[in-house]
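In this note's numbering, the protein residues as written are 2 to 120.
Written as structure tokens, this is what we have:
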């Protein structure tokens, strides 16, 4: 009788342990699903920012080409008006600042994602 009581007690302990593990596994699956959602959202944000960056870069590049075209046509027309010498330098500086801004934003997004993984 003592042995049968010990066996039942052992089985109860095993069953409770199994239930705790199953509950913990379910919690972890839920956490993984939430983290995957956050990662997807952050990746979507990053893609949109890269698209915006590409658009801004092409607009700046296009405006730089327009400035250069205008400069050439003015030279051909032999008009006395001239563009400021630093016009193309300003456009290049704008692109450089834009590059720095995008890198900084990506760093912020990475830090948010990294922090979310360990919360």
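A virtual CB, placed ideally from N, CA and C, is assigned to each residue, including glycine.
With respect to residue 118, residue 43 sits apart: the two C-beta atoms are not nearer than 8 Å. Residue 25 and residue 33 have their C-alpha atoms roughly 12 Å apart. For residue 39, same chain residues with a beta-carbon under 6 Å away, outside a window of 5 residues either side, are 117 in chain order. Distance from the CA of residue 111 to the CA of residue 27, rounded to the nearest whole angstrom, comes to 27 Å.
Taken atom to atom, the span from the alpha-carbon of residue 6 to that of residue 22 is near 24 Å.
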